[in-house]
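Asker: Supplied in structure tokens, the structure appears directly below.
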Amino acid sequence: MGLFTGKPRSSLGKWLDARGITQEWLVRKTKVNRTTISKIASDDEYSPTLPTIKKIMKAIREIDPSAKANDFFDI
0 MGLFTGKPRS SLGKWLDARG ITQEWLVRKT KVNRTTISKI ASDDEYSPTL PTIKKIMKAI
60 REIDPSAKAN DFFDI
């Protein structure tokens, strides 16, 4: 369960929560569909496409330059 939301959270969702970053920020930064971001933030089993992973990692690295894709995604 997410710290603030009461919803299940994936590794990405937990990372966002821990930093007080909204999914909406990620939607704006990545131009990835809001539904897709929501799914990625709540379901560790969900596998986004490689282009989506690249967009998300580019945004994450603005906050944490040392972040690695395999911290969030099974690749």
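Going by numbering that gives the first Met the number 0, the first residue of the sequence shown is number 0, and it counts up by one from there. Beta carbons: idealized from backbone N, C-alpha and C, even for Gly.
1) Should ALA40 and SER9 be called a contact, given that it needs their Cβ atoms to be closer than 8 Å?
2) Output yes or no for whether 8 Å exceeds the beta carbon distance between THR21 and ILE55.
3) Inspect the beta-carbon positions of ILE62 and ARG18 and report whether they are closer than 8 Å.
4) CB PHE71 to CB LEU11, shorter than 8 Å?
5) Can you check whether the CB of ALA68 is closer than 8 Å to the CB of ILE74?
Answerer: By the coordinates alone:
1) yes
2) no
3) yes
4) yes
5) yes
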